[in-house]
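What follows is a set of notes on a single structure, which appears directly below.
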Amino acid sequence: MIYSANPQVNVEQSLSNVSDSAEETPQLNRIKSKVQHKNERFIVKDRSFNRQYAHLYAERLMTMRKRLTEAAIQKWGNVPIKKLHELVGGERCIVIGTLFKHMELRPSILKEVSEEHNLMPQPIKKRYADSTDKLIIEDELQRIFLVGKLETQTSVTGVIVAVIGIEPEDDKGKFYVEDVCYQLLPAQIARPILEQDKFIMFVSGFELGGPEERPFQMQMLADLVCGQLGDVDQQAATAAICHIVVAGNLLSESTQDRDTLTKAKYLSKKTSAGSVEAVKSLDEFLAQLVTSVDVTVVPGEFDPTNFSLPQQPFHQCMLPQSSRYNTLHHQTNPCDVSVEGIRIMGTAGQPVEDIYRYSEMDDRLAMLEDTLVWGHMAPTAPDTLACYPFVKEDPFIISECPHIYFAGCQPEYKCKMYKGESGQEVLLLTVPRFSQSGTAVLVNLKSLEAQPISFHSHFPIVDESVSPEVDK
Amino acid sequence: MASISNAFVQRKRIAHKPKKGAPSTSGVKEEKVDASVKRDLDILKQFDLTLEYGPCIGISRLDRWERAEKHGLKPLPEVRDLLIRHAADPLYTECLWNDFSTLR
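Protein chains in written order, with the UniProt record's numbering: chain A, 1 to 472; chain B, 1 to 104.
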């Protein structure tokens, strides 16, 4: 008998039901885990879009200023902290503000409009960083150019920083930075000590309904988790998986066909959306998993929910079979959940992807680490990343330090143990796209060690271009 | 009949139009009331123009006051009293630029 937290549906399926001779195989029980959702702040209640984003930036700066003041004093001691309008030429001081990266290559609607004026059309690029980019710091009132020791290549818009330096008398309008300081990472709740090994599985990017979906490997994953694969030892090991986090892009980009928007109704009337079939197979897949283990579903960029961050949870009606089980946890993106007292935060990868586009960094794990150091999960929102216009709070600020911090839908698996200054230990994790790599990640909650687990099938590739028939 | 002009009804907003035929008992008293209203509105205007409290368009003055208070910027308690006393009057509760609908 398999245990879920509090099954609404009575699950009568044995883990080891592969073998018919039940007396030989031992009864394996799924390890239980306690799941708590901590994502209230990401649930958008009133959908009012008639406000400006200025409030979000103001809120972010006001909230982070306190933390940066503390960090700056700790780092540099008794140097005056000034607002930009109080700057005196030639005096060394600390300035706290929001970074803005001025980028020539950044796509802009105004430049597109200016096509009419016979200007060069904008180049189509994957990344917009350039050597001519400039950094600007702004507070509530003013902005000033930054030069000196602050790397433009690795900085992005929207980060709150404290800089120490001088605005020289002979070069007004520029702030010469000596050193930079980010927030102090908030304190971490001590990790509970577990008596036994418990595993949590991270997987992302199934991309159902697309050309790259891998149904066979997905079935292997489901079978492995449910104890239908491997020998008794293997099954005993997989019984220790207490939770699965599916981090984004369950459906493929190609399910989002926009034909219905552009085509005439009589042409598209009889075609059904590509996402319908994909959601059905997703439901069937999840239904296998939830009968046996807790599953957290985090929507991603191409999933059928809203586009702007925070993405709201999937509606229950979309997954009718699997939603009957209370072991299916619909989460927001970014997600924030606590399993056995281990705080897990992360996104489906859009913030990291956006930083990749607007900086010259290549290491996804380093970007993820940076967002933790900056204390903000999605600094480029709302500038280049779509985001709801929050007013009362900035929910992306990391106000409690997680134990596991992940980004889904990344090109490769990487992990790193980040150690904070006051003893925080955070496991950073980039979860690869399953459709590309066939890889999931297992994390041991007891030791916070991560290991990849790959599913491969070796079928001979049939070359369809060569006809098996002889010439006629 | 549906047409494009009644699908998007345009309504001009007029900034605090003085009511016609308002009871005027005594000219002196009215002047006094006007003066105090003007002083109140001046205080609120100054509050709106204090940039440290953040942007003001799109949220009510009370929300803005509470945000400033939350972040320890010590906004004038007088402003809050005024806003609560005149909670039903958009001239008090909404910010200075409220009538410029294109700004929002």
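The beta carbon of each residue, even a glycine, is placed where N, CA and C say it ideally should be. For clarity, every value in this text was computed on a predicted model and none was experimentally measured.
Kindly indicate if chain A contains any beta-carbon less than 7 Å away from that of B/E69. no
Contact under 7 Å by Cβ, A/F42 with A/P310: yes
Evaluate B/A22 with the Cβ neighbour count: other Cβ atoms within 10 Å of its Cβ, from every protein chain shown; 16 or more gives buried, anything less gives exposed. Annotation note: pLDDT 47 at B/A22 (below 50); position unreliable, coordinate value reported separately. Classification of B/A22: exposed, given that the 10 Å Cβ count is below 16.
Report the residues of the region 46 to 67 of chain A with a CB closer than 9 Å to any CB of chain B, ordered along the chain. S48, N50, R51, Q52, A54, H55, Y57, A58, E59, L61, M62, T63, R65 and K66
Same chain, Cβ closer than 6 Å to A/L146, neighbours up to 5 away in sequence not counted: L135, I137, F175 and V177
What are the complete beta strand (DSSP E) segments, minimum 3 residues, inside the region 127 to 164 of chain A? 134 to 138 and 143 to 148
Below 8 Å on the Cβ atoms is my guess for A/F314 versus A/P299; work out the distance and round it to an integer in Å. 6 Å
Neighbourhood of B/W65 by C-beta, 8 Å cutoff - its chain only, sequence neighbours within 5 removed: F47, Y53, P75, V79, R80 and L83
Rounded C-alpha distance that separates A/Q217 from A/Y413: 17 Å
Spatial neighbours of A/Q424 within its chain, please: CB distance less than 6 Å, with the 5 preceding and 5 following residues excluded, ordered by chain position. L185, Q188 and C401
Taking A/N78 as the reference, which of A/R92, A/A287 and A/V88 has the closest Cα? A/R92
Give me the Cα-Cα distance between A/I453 and A/L251, rounded to the nearest whole angstrom. 21 Å
Could you tell me which uninterrupted alpha helix (DSSP H) segments, each at least 4 residues in length, are contained entirely in the region 286 to 369 of chain A, listed from first to last along the chain? 350 to 357
Beta-carbon separation (whole angstroms), A/G209 vs A/C409, contact threshold 8 Å: Not a contact, Cβ separation roughly 16 Å.
Proximity below 7 Å, CB of A/I96 to CB of A/L68: yes
Does any residue of chain B have a CB that is nearer than 7 Å to the CB of A/L368? no
6 Å Cβ shell around A/R343 - same chain, five flanking residues per side excluded: P402 and H403
In chain order, what residues of the same chain lie with their CB nearer than 8 Å to the CB of A/C242, ignoring the 5 residues before and after it? R30, I31, K32, S33, K198, F199, I200, V293, D294, V339, E340 and L445
Along the region 128 to 159 of chain A, what residues have a CB closer than 8 Å to any CB found in chain B? E140 and L141
How is the beta strand (DSSP E) around A/L429 delimited, first residue to last? E425 to P432
Classify A/G349 as buried or exposed, calling it buried when 16 or more other Cβ atoms lie within 10 Å of its own Cβ. buried
What residue does the beta strand (DSSP E) around A/Q219 start on, and which one ends it? First-last for A/Q219: P215 to V225, but that is the alpha helix (DSSP H), not the beta strand (DSSP E).
Sub-7 Å separation of A/A440 and A/V203 beta-carbons: yes
What residue range is occupied by the uninterrupted alpha helix (DSSP H) comprising B/Y92? P90 to T93
Run the CB neighbour count on A/Q316, radius 10 Å, all protein chains shown included, and call it buried at 16 or more, exposed below. exposed
Using the C-alpha atoms, what's the distance from A/V391 back to A/L150? 30 Å
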